[in-house]
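Engineer: Okay, so the sequence shown: first residue is 113 according to our numbering, each after it adds one.
Ideal Cβ positions, reconstructed from N, Cα and C, are used throughout, including at glycine.
Have a look at this one before I ask anything.
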Amino acid sequence: MKKILQSAMDKHKVSWLELFYDLIYVVVIAKLAHLVTYGHDGHLGLTEFIVFIALFVPVWWAWTGHALYATRFYDDGVADRLLTLGQMFLVTLMSVYIKDAFYGEGKMFALSYAAIRALLVVMYLRVYFSNKEIRPVTSCLAAGFSVGASLWLISAFLPTAWMYAFWAAGLLVDFMTTFRCRPLLKITSVHKHHLPERFGLLILILLGESVASLTSALNPQDMTVSVLTIALLGFISLAAVWWHYFEVLERVVINRELGAAHLIIYGHLFIFIGLALFASALRQNIVGNLTIPDITLLFGVSITLYLLPVLLIAQQAQTSSERWPLRRNTLLLILLLVVIAVSRNRLNDLGISAIIASIMVIYVYLNTPKPSKLKAV
């Protein structure tokens with residue numbers, strides 16, 4: 113197989129299989145978000161939040177690993193399709209055990225994750241043997257990721273404390289691999305349209321899952337004007353997130369030379385976490401498993417986790433005169449969220465919904481430039 117670098121291709125669209133692949137991950141993310149927002153006597157549990165983050169990172173990294181391979185080397189041939197489908201089944205299996213991964217089912221979760229990463233290594237090895245010109249890149253990545261996958265495999269047969277330590281070590285090895293290979297990754301840079309499109313599509317699917325969460329909280333028998341208004345305000349908040357994210361994606365990220373794209377890649381970890389928590393906050397504001405103060409806190413944390421990385425990504429393409437207004441507006445919004453969190457005992461469900469929707473709409477309006485002010489990239 114004569115391999116063509118995807119980064120050098122003028123047209124490289126997301127394949128139908130990649131879209132299918134993303135849908136599988138949204139199921140896993142929805143299960144994870146449920147862990148942290150289920151509520152214990154109406155309150156968020158710190159332990160559950162830590163577990164959520166600890167499990168979200170490997171799930172995000174498994175998805176990102178395939179996305180980065182696809183943007184550089186995926187040819188949509190039979191072998192790549194079969195290996196991708198194999199990963200999808202393993203992700204499905206991983207989702208079965210993810211709820212109890214820190215409560216007695218860590219072994220199967222670790223084995224599923226190790227197998228996902230092992231299949232990714234096989235994909236890199238295929239490129240290694242088929243294209244001599246880029247062997248330095250594929251050998252660097254395959255070697256590092258093999259070590260990471262091996263640590264996860266070994267962890268399944270260790271005592272609990274050591275198992276979690278090996279999980280962390282495996283992730284650390286993977287992250288260090290991407291930085292160690294960075295000079296080579298810049299040579300085979302990610303595709304300037306495909307990777308942002310892949311991130312954007314997962315964002316869309318997450319927003320769709322957020323709408324599903326919102327509607328699942330509504331009961332026709334309990335529908336009141338207040339509940340309907342809260343649902344409407346929640347939808348407006350989601351629409352504002354969509355508007356903001358894709359304004360940034362279109363004018364800052366797409367069609368720019370991204371190189372190794374580490375800021376975009378790692379920044380989206382926090383964006384995805386923020387959106388997952390935001391969806392749960394919208395649902396809980398109707399269902400009421402959490403107290404209003406905790407829901408308010410969840411809104412503040414989720415929006416902050418979303419806004420900060422988007423700000424950093426946007427600043428990459430802005431001039432110094434453009435950076436300050438966006439930076440100022442973002443920091444003011446975060447400060448306002450802190451004030452709201454401090455005053456959360458004085459709010460009710462309708463009040464917090466109205467405040468969140470209002471500040472998100474105002475923020476999007478202030479930070480959406482007129483067409484004449486858009487910077488050519």
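1. When you compare only the Cα positions, how much space is there between F201 and L447?
2. Compare the C-alpha of H146 against each of M472, L389, N441 and L424 and name the closest.
3. Distance check for L316 and M121, CA to CA, integer angstroms please.
4. On the DSSP letters alone, give me the boundaries of the alpha helix (DSSP H) that A461 sits inside.
5. Between which two residues does the alpha helix (DSSP H) containing Y181 stretch?
6. Return the chain-ordered list of same chain residues with a C-beta closer than 7 Å to the C-beta of L237, the five sequence neighbours on each side being excluded.
7. Which same chain residues, not among the five before or five after D192, have their C-beta less than 6 Å away from its C-beta?
8. Taking the alpha helix (DSSP H) that F269 falls in, what are its first and last residues?
9. Is it right to say G386 is buried, meaning 16 or more other beta carbons lie within 10 angstroms of its own, or is it exposed?
10. So, is T204 buried or exposed, given that buried needs 16 or more other C-beta atoms within 10 angstroms?
11. Using 8 Å as the threshold, is the C-beta distance between S393 and F411 below it?
12. I need the straight-line Cα distance from F287 to I376, nearest angstrom please.
13. Could you check whether T183 and G218 sit closer than 8 Å to each other, using their CB atoms as the reference points?
14. Go ahead and label A372 buried or exposed: buried means 16 or more other beta carbons lie within 10 angstroms of its beta carbon, across all protein chains shown.
15. On the three-pair Cβ rule with 8 Å, is the stretch 163 to 183 touching the stretch 216 to 232?
16. Where R439 and L459 are concerned, what is the direct C-alpha to C-alpha distance, given to the nearest angstrom?
17. Looking only at its own chain, which residues have a Cβ that is under 6 Å from the Cβ of V473, when we skip the five neighbours before and after it?
18. Closest to M206 by C-alpha separation, out of H356, V233, L167 and E309, would be which residue?
19. Exposed or buried, which one is G216 when buried takes at least 16 other CB atoms within 10 Å?
Structural biologist: Result, derived from the coordinates:
1. 43 Å
2. L389
3. Unreliable placement is indicated for M121, whose pLDDT of 49 sits below 50; no coordinate value is reported for it.
4. Note on identity: in this sequence residue 461 is Asp, with Ala being the wrong assignment. Looking at the DSSP string, the run of the alpha helix (DSSP H) that includes D461 is D461 to L478.
5. L158 to F185
6. A254
7. Y186
8. Counting along the chain, F269 falls outside any alpha helix (DSSP H), and DSSP gives it neither H nor E.
9. buried
10. exposed
11. Note that residue 393 corresponds to Ala in the displayed sequence, not to Ser. Cβ atoms of A393 and F411: closer than 8 Å.
12. 14 Å
13. no
14. Note that A372 has pLDDT 48, beneath the 50 cutoff, so the model's placement of it is unreliable and no number is given.
15. yes
16. 28 Å
17. A352
18. L167
19. exposed
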